[in-house]
Amino acid sequence: MELKNDLLLRTVRGEAVERPPVWLMRQAGRILPQYRAVRERLSGFKELVETPELAAEVTIQPVDALDVDAAILFSDILVIPEAMGLSYEMVEKRGPLFPETIRSETDIERLLSGEEAAGRLGYVYEALEVTRKNLAGRVPLIGFSGAPWTLMAYMVEGSGSKTFSRAKRLLYQEPALAHRLLGKITQTIIAYVKEKARHGANLIQFFDSWAGILSPEQYREFSLPYLREACSAVSEVPVTVFAKGAWFALPDIARLDCQAVGLDWNISPQEGRSRVGAEKILQGNLDPCYLYADPEKVSEATRKMLEAFGSRHIANLGHGVYPDTPLEGVHAFVQTVKGYRYHRQ
């Protein structure tokens, strides 16, 4: 299906564009009253994720309400561990919880992986197809996955954590087991994102949400090789890598087989470009908390960010938009980007 707005895809292909495309991580969520209305009818978060028609509905809501340049499928990174055999719960005001966690080699051996595991996620692929049909070519559709290390961190820790000390302990005490688990996760991710591309995703983003809790040495051993394998396996669509807190690894991430690199708000656009180099498209990176400011201040900060990045940029936040963010702040951010134009010589 031909896209009416292909600005994001032209940007990641490195083509000259009139302005940066704009979308927001977590744009389909509690900032929108339409989303809250859907959630109130359901038993919980997982019912929404696992119901293709509803997932498609909330995926498209920010395209209608915010006029962003891309939709990102409403889902969760933890569908992959569940497909591998490790179910999770989403506890209100607490976050994800795994009743069972990975503790031993036997636990790892019991996990499904690769196409066998990815084949259990039919509801995700159906949601992609429904979304793409209902978008009718208005904007590109982004699919995503957690990165191998981030998924492993949840599977070993059992929940979110400030330190992920259980997961990191495995890296130090039993690195061979950690590599075995990371390998199985990576094979599942590869099969999963390839299916996403086959069912309508125009771009894949890998979220390495817990990259920043690793040391540079650990990140190079336990994350980068598996991200490299996943990125290299995806030839069907462009790839973005967003590794939160991993400013130290940006030169390594720049060498991955991806087209775009996401930046969090803890690094300046200039420093990010110096670390990544000129070849990759950069994505980011306004502090999500800036959207609490007056709309005029949001617009001013957004323009400063755009000028600092220059061209070859996808406008976004440095992390997901927070649930209590004022809608007027989000509108100010999006509309400022949409009104911006690159200066041509």
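Going by this note's numbering, the sequence shown opens with residue 31, and the numbers climb by one from there. Backbone N, C-alpha and C fix where the C-beta goes; we use that ideal spot for every residue, glycine too. Quantities reported herein were computed from a predicted structural model and do not represent experimental measurements.
(request) Leaving out five residues on either side along the sequence, give the residues of the same chain with a beta carbon under 6 Å from the beta carbon of residue 104. (result) Correct list, in chain order: 58, 85, 88, 89.
(message) Here's the rule I'm using: 16 or more other beta-carbon atoms within 10 Å means buried, otherwise exposed. How should residue 320 be labelled?
(response) Around the Cβ of residue 320, a 10 Å sphere holds 16 or more other Cβ atoms; the residue is buried.
(message) Nearest by alpha-carbon distance to residue 98: which of 373, 371, 365, 372 is it?
(response) If we check each option's Cα against that of residue 98, 365 comes out closest.
(request) Can you tell me which of 172, 132, 367 puts its alpha carbon nearest to the alpha carbon of residue 212? (result) The shortest C-alpha to C-alpha distance from residue 212 to any of 172, 132, 367 is the one to 132.
(message) One question on the structure: do residue 267 and residue 236 come within less than 8 Å of each other, judged by their Cβ atoms?
(response) No, Cβ-Cβ distance for residue 267 and residue 236 is not below 8 Å.
(request) Return the first residue and the last residue of the alpha helix (DSSP H) that residue 296 is part of. (result) From DSSP, residue 296 is part of no alpha helix (DSSP H); its letter is neither H nor E.
(message) Can you look up residue 57 in the DSSP assignment and give me helix, strand or coil?
(response) In the structure shown, residue 57 sits in coil (DSSP, three-state: anything other than H, G, I, E or B).
(message) Which of the three DSSP states is assigned to residue 326 in this structure?
(response) Of the three classes helix, strand and coil, the one that applies to residue 326 here is helix, per DSSP.
(message) Under DSSP, the alpha helix (DSSP H) around residue 31 begins and ends at which residues?
(response) Here residue 31 belongs to no alpha helix (DSSP H), and DSSP marks it neither H nor E.
(message) Quick check on residue 218: does DSSP put it in helix, strand or coil?
(response) Residue state, collapsed to three classes: helix.
(message) Let me make sure I understand the geometry here. Which of 112, 137, 156 has the alpha-carbon closest to that of residue 176?
(response) Residue 176 has its Cα closest to that of 112, out of 112, 137, 156.
(request) Grab the span of the beta strand (DSSP E) containing residue 361 for me, first residue to last. (result) Per DSSP, residue 361 lies in no beta strand (DSSP E); the unbroken alpha helix (DSSP H) holding it starts and ends at 357 to 368.
(message) Just to confirm the assignment: which complete beta strand (DSSP E) runs, minimum length 3, are found wholly within the stretch 180 to 240?
(response) Taken in chain order, the unbroken stretches of beta strand (DSSP E) that lie wholly in the stretch 180 to 240 and span 3 residues or more are 233 to 238.
(request) For residue 270, name the three-state secondary structure that DSSP assigns. (result) Residue 270 falls in the strand class under three-state DSSP.
(message) With three or more beta-carbon pairs closer than 8 Å as the criterion, would you say the stretch 165 to 176 touches the stretch 193 to 208?
(response) They do not touch, by the three-pair rule.
(message) Buried or exposed, going by whether 16 or more other CB atoms sit within 10 Å of the CB of residue 300?
(response) Answer is exposed; the Cβ neighbour count stays below 16.
(request) Determine the contact status of residue 138 and residue 214, defining contact as a CB-CB distance below 8 Å. (result) For the 8 Å CB-CB criterion, residue 138 and residue 214 form a contact.
(request) Drop a sphere of 10 angstroms on the beta-carbon of residue 359, count the other beta-carbons inside from all chains shown, and report buried for 16 or more, exposed for fewer. (result) Residue 359 is buried by the Cβ-count criterion.
(request) Scan the stretch 75 to 130 and note each continuous beta strand (DSSP E) run of 3 residues or more that stays entirely inside, going in chain order. (result) Whole beta strand (DSSP E) segments, 3+ residues: 119 to 121, 125 to 127.
(request) Please confirm if the stretch 281 to 293 is in contact with the stretch 320 to 330, defined as three or more CB-CB distances below 8 Å between the two stretches. (result) No contact exists between the stretch 281 to 293 and the stretch 320 to 330.
(request) Taking residue 295 and residue 343 to be in contact with their CB atoms under 8 Å, please state how far apart those CB atoms are, rounded to whole angstroms. (result) Not quite, the Cβ-Cβ distance comes to about 15 Å (not below 8 Å), so this is no contact.
(message) According to DSSP, simplified to helix, strand and coil, what is residue 52?
(response) DSSP places residue 52 in strand when its eight states are reduced to three.
(request) Thinking residue 277 and residue 179 are a contact (beta carbons under 8 Å), I'd like their distance in whole angstroms, please. (result) Between residue 277 and residue 179, the beta carbon gap of about 16 Å keeps them out of contact (Cβ cut-off 8 Å).
(message) At the level of alpha carbons, what is the spacing between residue 289 and residue 209?
(response) Cα to Cα, the separation comes out at about 26 Å.
(message) Less than 6 Å between C-beta atoms, sequence neighbours within five positions excluded: which residues of the same chain meet that for residue 46?
(response) Same-chain partners within the cutoff: there are none.
(message) For residue 216, tell me which candidate among 327, 244, 148 has the shortest Cα-Cα distance.
(response) Ranking the options by Cα distance to residue 216, first place goes to 148.
(request) Find out if the Cβ-Cβ distance for the pair residue 311, residue 42 is shorter than 8 Å. (result) A contact, by the Cβ cut-off of 8 Å.
(request) Return the residue from the list 119, 190, 166 that minimises the CA-CA distance to residue 32. (result) Checking every option, the nearest Cα to that of residue 32 belongs to 166.
(request) Determine the direct distance from the alpha carbon of residue 243 to that of residue 184, and round the result to whole angstroms. (result) Their Cα atoms are separated by approximately 13 Å.
(request) For residue 306, I'd like the list of residues in its chain whose CB is within less than 6 Å of its CB, leaving aside the five on either flank, ordered along the chain. (result) Hits under 6 Å: 280, 284, 291.
(request) Tell me, please, whether the stretch 331 to 342 touches the stretch 66 to 77 by the rule of three or more beta-carbon pairs shorter than 8 Å. (result) Inter-segment contact for the stretch 331 to 342 and the stretch 66 to 77 is absent: fewer than three beta-carbon pairs are separated by less than 8 Å.
(request) List the residues that DSSP assigns as beta-bridge partners of residue 313. (result) Paired residues: 292, 344.
(request) Just mark residue 136 as buried or exposed, buried being the case when its beta carbon has 16 or more other beta carbons within 10 Å. (result) It is exposed - the Cβ of residue 136 has fewer than 16 other Cβ atoms within 10 Å.
(message) Taking DSSP's pairing of strands, which residues face residue 172 in a bridge?
(response) In the DSSP assignment, the residues bridged to residue 172 are 102, 233.
(message) Taking a contact to mean a Cβ-Cβ separation below 8 Å, would you say residue 190 touches residue 125 in this structure?
(response) The answer is yes: Cβ separation under 8 Å.
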